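Below: the structure, in structure tokens.
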Amino acid sequence: MSEYDPQALQAKWQRRWEEHDSYRASEDAGDRRERRYMLDMFPYPSGDLHMGHGEVFAIGDVVARYWMQQGYNVLHPIGWDSFGLPAENAAIRRNAHPAEWTYANIETQANSFRRYGISFDWSRRLHTSDPDYYRWNQWLFNRFFERGLAYRKGGLVNWCPNDQTVLANEQVVAGKCERCGADVIRRELTQWYFKITDYAQRLLDDMDQLTGWPERLLTMQRNWIGRSEGADVLFEIEGRDEPVHVYTTRPDTLYGATFFVVAADAALADEIVTDGQRAEFEAYRTEIAKLSDIERLATDKEKTGVFLGRYAINPVNGERIPVWAADYVLSDYGHGAIMAVPAHDQRDLDFALKFGLPVKVVVHTGMADPGETGEATPGEGTLVNSGPLDGLAKAEAIAKIIEILETDGRGAGAINFRLRDWLLSRQRYWGTPIPIIHCPDCGEVPVPDEQLPVTLPDLRGEALAPKGVSPLASATEWVNVECPKCSGPAKRDTDTMDTFVDSSWYFLRYCSPGYTGGPFDPEQVRKWGPIDQYVGGIEHAVLHLLYSRFFTKVLHDMGMVGFTEPFLRMLNQGQVINGGKAMSKSLGNGVDLGAQIDDFGVDAVRLTMVFAGPPEDDIDWADVSPAASQKFLARALRVMSEVTSAPGVPVENGDAKLRKVTHHTIDEATKLLDSYRFNVAVARMMELTSAARKAIDAGPGPGDPAVREAAETLAVLLSLVAPYTAEEGWERLGRTGSVAFAGWPVADPALLVQESVTCVVQVAGKVRDRLEVSPSISEDELRTLALASEKVAPYLAGVPRNVIVRAPKLVNIVP
Numbered sequence: 001m002s003e004y005d006p007q008a009l010q011a012k013w014q015r016r017w018e019e020h021d022s023y024r025a026s027e028d029a030g031d032r033r034e035r036r037y038m039l040d041m042f043p044y045p046s047g048d049l050h051m052g053h054g055e056v057f058a059i060g061d062v063v064a065r066y067w068m069q070q071g072y073n074v075l076h077p078i079g080w081d082s083f084g085l086p087a088e089n090a091a092i093r094r095n096a097h098p099a100e101w102t103y104a105n106i107e108t109q110a111n112s113f114r115r116y117g118i119s120f121d122w123s124r125r126l127h128t129s130d131p132d133y134y135r136w137n138q139w140l141f142n143r144f145f146e147r148g149l150a151y152r153k154g155g156l157v158n159w160c161p162n163d164q165t166v167l168a169n170e171q172v173v174a175g176k177c178e179r180c181g182a183d184v185i186r187r188e189l190t191q192w193y194f195k196i197t198d199y200a201q202r203l204l205d206d207m208d209q210l211t212g213w214p215e216r217l218l219t220m221q222r223n224w225i226g227r228s229e230g231a232d233v234l235f236e237i238e239g240r241d242e243p244v245h246v247y248t249t250r251p252d253t254l255y256g257a258t259f260f261v262v263a264a265d266a267a268l269a270d271e272i273v274t275d276g277q278r279a280e281f282e283a284y285r286t287e288i289a290k291l292s293d294i295e296r297l298a299t300d301k302e303k304t305g306v307f308l309g310r311y312a313i314n315p316v317n318g319e320r321i322p323v324w325a326a327d328y329v330l331s332d333y334g335h336g337a338i339m340a341v342p343a344h345d346q347r348d349l350d351f352a353l354k355f356g357l358p359v360k361v362v363v364h365t366g367m368a369d370p371g372e373t374g375e376a377t378p379g380e381g382t383l384v385n386s387g388p389l390d391g392l393a394k395a396e397a398i399a400k401i402i403e404i405l406e407t408d409g410r411g412a413g414a415i416n417f418r419l420r421d422w423l424l425s426r427q428r429y430w431g432t433p434i435p436i437i438h439c440p441d442c443g444e445v446p447v448p449d450e451q452l453p454v455t456l457p458d459l460r461g462e463a464l465a466p467k468g469v470s471p472l473a474s475a476t477e478w479v480n481v482e483c484p485k486c487s488g489p490a491k492r493d494t495d496t497m498d499t500f501v502d503s504s505w506y507f508l509r510y511c512s513p514g515y516t517g518g519p520f521d522p523e524q525v526r527k528w529g530p531i532d533q534y535v536g537g538i539e540h541a542v543l544h545l546l547y548s549r550f551f552t553k554v555l556h557d558m559g560m561v562g563f564t565e566p567f568l569r570m571l572n573q574g575q576v577i578n579g580g581k582a583m584s585k586s587l588g589n590g591v592d593l594g595a596q597i598d599d600f601g602v603d604a605v606r607l608t609m610v611f612a613g614p615p616e617d618d619i620d621w622a623d624v625s626p627a628a629s630q631k632f633l634a635r636a637l638r639v640m641s642e643v644t645s646a647p648g649v650p651v652e653n654g655d656a657k658l659r660k661v662t663h664h665t666i667d668e669a670t671k672l673l674d675s676y677r678f679n680v681a682v683a684r685m686m687e688l689t690s691a692a693r694k695a696i697d698a699g700p701g702p703g704d705p706a707v708r709e710a711a712e713t714l715a716v717l718l719s720l721v722a723p724y725t726a727e728e729g730w731e732r733l734g735r736t737g738s739v740a741f742a743g744w745p746v747a748d749p750a751l752l753v754q755e756s757v758t759c760v761v762q763v764a765g766k767v768r769d770r771l772e773v774s775p776s777i778s779e780d781e782l783r784t785l786a787l788a789s790e791k792v793a794p795y796l797a798g799v800p801r802n803v804i805v806r807a808p809k810l811v812n813i814v815p
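In UniProt numbering, the protein residues as written are 1 to 815.
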């Protein structure tokens with residue numbers, strides 16, 4: 001350890017990398033290398049890098065460096081997702097501008113990234129809060145607006161009372177704001193939306209392209225999009241001219257509909273409630289406004305509701321059924337109203353039993369009457385009490401009833417999605433201003449492209465405090481403008497865009513960050529895109545990844561990109577925890593990444609992150625040892641330092657045993673890296689180090705060519721996880737140039753042939769002998785050898801009861 005000084009190595013090699021701009025992707029037209037695009041989810045600049053950054057960027061760098069060693073022209077960019085609430089809240093506390101906190105933190109993180117040795121192409125650096133970037137957010141918004149994909153409407157939205165802003169459905173987790181944890185309420189507002197629902201089916205269909213994504217992630221997206229097939233049924237409401245559409249996945253149960261439920265917060269409920277019921281209804285609606293969607297849909301919540309004084313007409317049998325307002329129906333699902341079939345839906349049954357409403361069985365499943373047991377029978381069976389559907393099975397009955405509804409003009413087959421349009425406007429300052437001007441005569445007018453970007457006015461401190469409307473509304477000189485169409489007095493839109501707009505296309509900007517002819521140069525995107533490998537957290541499975549996929553499809557339809565899916569392969573990392581729990585100040589179990597690097601060095605921390613387990617598993621820092629990693633790196637550097645043979649020495653006559661170890665290591669490490677088993681690849685590097693150490697100490701000695709081959713192989717493999725140590729070792733081996741581009745070693749097939757393997761012989765589960773046998777030995781031959789072993793004989797008294805053979809590696813004898 002006395003010779004291993006990680007801080008000195010870091011200072012030396014970081015300076016070299018910066019001087020040579022080592023990891024810059026080539027744009028040389030004469031460079032014929034195949035291109036690869038490696039992307040890490042870019043960070044938010046809230047302070048310095050933390051342990052989670054340490055893990056995810058170490059993992060991504062393994063992939064990037066592996067590709068560089070294999071001879072690819074690799075794009076591995078870095079930027080910052082630099083708009084957002086934390087900066088705004090910090091500015092309020094400090095009586096400052098959000099940019100001051102944001103850009104100071106960016107510089108802190110940039111310096112830490114350089115220290116951490118990540119192979120970034122720094123020439124591609126971007127910040128989403130730069131006007132040169134968010135100008136193109138606004139340009140893209142205008143294109144979406146022209147295509148009918150950006151629109152403004154009023155309605156109930158998710159409102160965070162703490163952050164004083166609206167949230168998209170995807171930003172509400174278990175009824176709470178995903179950023180601050182406050183209980184989310186529903187509020188009536190007019191907001192901007194992106195029409196992602198127009199792409200719902202394509203978002204599902206194109207998942208067939210995503211063979212490199214974890215199945216868990218795909219399942220989460222499928223569930224969120226939530227495609228279902230059923231029927232739209234028209235119900236007449238007494239006293240209302242227009243029928244009400246009801247979507248149902250079980251139109252076969254229409255004859256069992258005994259009441260009708262409207263979402264209490266839907267406009268329909270307010271429209272049809274009778275005067276005699278209005279006071280009770282409005283009091284009820286006030287109460288449910290305090291509930292989140294999650295609370296309203298909870299199966300164990302007691303059902304509540306109010307009779308609206310109206311009746312609907314069941315379209316298949318003409319029965320009058322009462323219309324109720326209830327909280328367990330949401331206004332943005334389907335059409336905000338349902339037909340209630342209590343015998344075959346548990347929530348409907350709970351409601352019916354509480355309010356004394358009829359329960360009618362229309363599917364015979366062999367179970368007891370739900371009205372008596374209190375348990376609905378939602379399964380399949382034979383239709384009963386259903387007129388022309390009697391005796392049919394579910395699938396036949398659904399087809400039949402849809403045919404009847406369509407013939408009579410009372411409904412039609414339909415497809416529905418759980419996915420809702422993306423609510424993108426925010427009532428906060430630190431974001432991209434929405435480029436729309438509201439004119440009393442012309443309506444919503446996009447800011448002309450030549451006037452973009454619409455930059456933020458200079459607001460700071462208390463002027464940014466949340467007030468329920470955007471702080472931009474107070475900047476009257478900024479708000480009041482001429483209409484671009486009629487030149488009359490008009491006002492700017494004062495909301496800003498959701499920061500997920502910034503991250504929905506940033507990876508395309510990296511291909512040409514200085515381009516001024518559009519958000520990106522289509523030719524450069526053609527050369528680099530789509531992204532070959534994306535690394536980031538599973539927590540973005542719905543939010544960022546779904547939005548990025550949507551943006552890419554729109555851009556494809558606009559002719560700007562030639563692919564419909566942005567990310568070919570996804571790799572999700574786990575969390576870094578401590579003592580079995582997430583790190584937090586309240587628990588006092590936080591671990592500081594910078595302090596760990598100070599104590600053990602960058603390479604030891606990176607190696608520990610990668611060696612701790614598969615990338616997707618959590619790392620418990622209490623269970624790992626960066627000190628042990630540091631000791632291993634010191635041993636590895638000593639091996640590389642002690643080689644005495646000259647570079648380029650012929651290796652064919654080197655020690656055969658060590659050469660086999662080296663080439664088996666190359667072969668296994670390559671397969672392991674290709675399958676993301678980075679931790680096991682590190683284990684093979686450690687085994688190679690031990691084999692080389694043994695060869696140096698016990699023969700054939702440091703001058704044997706096989707020792708140089710092993711040490712050079714170790715330097716190349718180690719460069720993926722411990723770049724400083726690998727560079728130093730490569731230089732001490734007498735090699736010139738960076739080890740990062742030395743070239744991935746190729747295993748010699750002749751050295752991979754196993755002449756023998758070790759077979760473990762157990763008696764009653766305990767190891768009694770080890771036999772060197774042919775890899776192709778038969779089970780009968782191996783059984784005979786094991787039973788004839790002199791070391792096994794003393795433990796056998798007569799013929800054994802059983803002999804279990806797993807040729808060629810195991811024999812287990814049961815005496």
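Beta carbons are placed, not taken as given, at the ideal position from N, Cα and C, and that holds for glycine. These numbers come from a predicted model, not from an experiment.
Segment limits, alpha helix (DSSP H) that includes T373: 370 to 373
Nearest-angstrom Cα separation, counted from S584 out to N578: 9 Å
Which ranges does the beta strand (DSSP E) cover as unbroken runs of at least 3 residues, wholly within the segment 211 to 296, from first to last along the chain? 227 to 237, 244 to 248, 259 to 263
Count the other CB atoms within 10 Å of the CB of V721; is the residue buried (16 or more) or exposed (fewer)? buried
Kindly indicate which residue of I338, S548, L751 has the alpha-carbon position closest to the one of V661. L751
Close-in-space but distant-in-sequence residues of the same chain around G588 (CB under 7 Å, 5 per side omitted): none
Quick one: grab the DSSP three-state call for R708. helix
According to DSSP, is Q10 part of a helix, a strand, or is it coil? helix
Entirely within the segment 708 to 740 and at least 4 residues each: give me those alpha helix (DSSP H) ranges in chain order. 723 to 732
Less than 9 Å between the C-beta atoms of D769 and A786, yes or no? yes
Supposed contact pair I237 and residue 837 - C-beta distance, whole angstroms, cut 8 Å: Residue coverage of the chain in this structure runs from 1 to 815, which leaves residue 837 outside it and unanswerable.
Using three-state DSSP, classify R492 as helix, strand or coil. strand
Using CA coordinates, which residue listed in S778, R783, P815 is at the minimum distance from P794? P815
What would DSSP say about F307, mapped onto helix, strand or coil? strand
With DSSP collapsed to three states, give me the class of Y4. coil
Using the Cβ count rule (16 or more neighbours within 10 Å means buried), how would you classify Q451? exposed
Hey, how far is the Cα of M41 from the Cα of V479? 35 Å
Tell me the residue span of the alpha helix (DSSP H) that contains Q209. Counting along the chain, Q209 falls outside any alpha helix (DSSP H), and DSSP gives it neither H nor E.
Can you look up residue 874 in the DSSP assignment and give me helix, strand or coil? Because the chain in this structure spans residues 1 to 815, residue 874 falls outside the shown range and cannot be described.
Less than 8 Å between the CB atoms is what I'm expecting for I59 and L571, so what's the real figure, rounded? 7 Å
Alpha carbon of residue 853 to alpha carbon of G230, nearest angstrom: Residue 853 lies beyond the stretch modelled for the chain, which goes from 1 to 815, so this question has no answer here.
Need the endpoints of the beta strand (DSSP E) that K766 sits in, please. 766 to 773
Measure the alpha-carbon distance for E444 versus F144 and round it to whole angstroms. 14 Å
Quick check for students: name the residue ranges of the beta strand (DSSP E) that lie wholly in the UniProt domain "Methionyl/Leucyl tRNA synthetase" (42 to 183), counting only runs of 3 or more. 73 to 75, 77 to 80, 121 to 127, 150 to 160, 165 to 167
Of the choices K527, R202, W159, whose alpha-carbon is the least far from that of E188? W159
So, is R606 buried or exposed, given that buried needs 16 or more other C-beta atoms within 10 angstroms? buried
Could you pull the start and end residues of the alpha helix (DSSP H) that S532 belongs to? For the sequence presented, residue 532 should be read as Asp rather than Ser. Note, D532: premise wrong, no alpha helix (DSSP H); not H, not E.
Kindly identify the DSSP beta-bridge partner or partners of Y193. Y151, L423
Spatial neighbours of P214 within its chain, please: C-beta separation below 7 Å, excluding the five flanking residues on both sides. M570, N572
Just checking my contact of A182 with V261 at CB under 8 Å: how many whole Å lie between their CB atoms? Incorrect: roughly 29 Å between the Cβ atoms, too far for contact.
E539 to Y44, Cα distance in whole Å? 15 Å
Determine the contact status of V362 and L349, defining contact as a CB-CB distance below 9 Å. no
Exposed or buried, which one is T644 when buried takes at least 16 other CB atoms within 10 Å? exposed
Cβ of K195 within 9 Å of Cβ of L149? yes
Does the structure place the segment 623 to 639 close enough to the segment 686 to 694 that three or more beta carbon pairs sit under 8 Å? yes
Once DSSP output is grouped into helix, strand and coil, what is the label at F567? strand
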